[in-house]
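Numbering (UniProt numbering), first residue to last: 1 to 174. Read the structure below first, then the notes.
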């Protein structure tokens with residue numbers, strides 16, 4: 001009988017080795033919440049690993065700008081452009097008509113392809129010329145340049161269209 005008892009515990013250990021007790025299961029809800037947490041934290045962790053490269057100086061467009069024409073326009077309101085940089089909106093007056101719409105800056109170019117405008121008759125040749133240049137300039141893109149030594153002056157240029165507009169800040173220090 002004693003030999004059987006000795007085999008009893010040994011057999012029990014051997015039986016346990018062949019058929020281990022089942023591992024405790026993690027509830028599905030706990031697994032899903034851990035997965036969600038990992039999904040939320042991954043972008044933050046990846047962002048923390050990125051080295052930020054300083055961006056080149058971006059020209060501040062915010063505010064009101066007077067459009068300076070090569071030939072001064074006749075009497076009347078001065079042509080101007082206003083930029084709302086928080087909403088990415090542009091509005092202005094070309095000397096004959098008011099315009100407004102959204103703009104974007106892409107690859108160093110300013111684009112405003114969908115400007116809405118009033119359609120008043122324009123008799124002043126200088127204002128007519130501006131009106132003919134302004135919409136294609138914004139539709140096809142314009143480079144932005146700040147003139148050296150003139151912090152309140154901007155140039156909008158499009159070499160393909162052979163168009164250049166000079167903007168000067170209106171009553172706002174820049």
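Ideal Cβ placement from N, Cα and C applies to all residues, glycine included.
Are residue 80 and residue 67 touching if we call contact CB-CB under 8 Å? yes
Along the chain, where does the alpha helix (DSSP H) containing residue 133 start, and where does it finish? 125 to 140
Beta-carbon separation (whole angstroms), residue 69 vs residue 83, contact threshold 8 Å: About 19 Å; that fails the 8 Å criterion.
C-beta atoms of residue 137 and residue 165 nearer than 8 Å: Yes, these two residues count as a Cβ contact at 8 Å.
Beta-carbon proximity check, residue 169 vs residue 63, cutoff 8 Å: yes
Compute the beta-carbon to beta-carbon distance between residue 72 and residue 126, rounded to the nearest angstrom, for a pair I have assumed lies under 8 Å. The beta-carbon distance between residue 72 and residue 126, rounded to whole angstroms, is 7 Å. This is short enough to meet the 8 Å contact definition.
On the DSSP letters alone, give me the boundaries of the beta strand (DSSP E) that residue 66 sits inside. 63 to 68
Would you check if the distance between the CB atom of residue 115 and the CB atom of residue 135 is smaller than 8 Å? yes
Using only CA atoms, which one of 144, 159 and 128 lies nearest to residue 104? Residue 104 has its Cα closest to that of 144, out of 144, 159 and 128.
Enclosing beta strand (DSSP E) for residue 93 [first to last residue]: 89 to 93
Tell me whether residue 18 sits in a helix, a strand or coil according to DSSP, three-state version. helix
7 Å Cβ shell around residue 93 - same chain, five flanking residues per side excluded: 77, 79 and 80
If you follow the beta strand (DSSP E) that residue 161 is part of, which residue opens it and which one closes it? From DSSP, residue 161 is part of no beta strand (DSSP E); its letter is neither H nor E.
Compute the Euclidean distance between the alpha carbons of residue 117 and residue 128, then round it to the nearest angstrom. 14 Å
Just to confirm my understanding: we take residue 108, look at its own chain, exclude 5 residues before and 5 after, and list those with CB closer than 7 Å. What are they? So the list reads 143, once near-sequence residues are dropped.
For residue 102, the nearest candidate out of 150, 139 and 159 (CA to CA): 139
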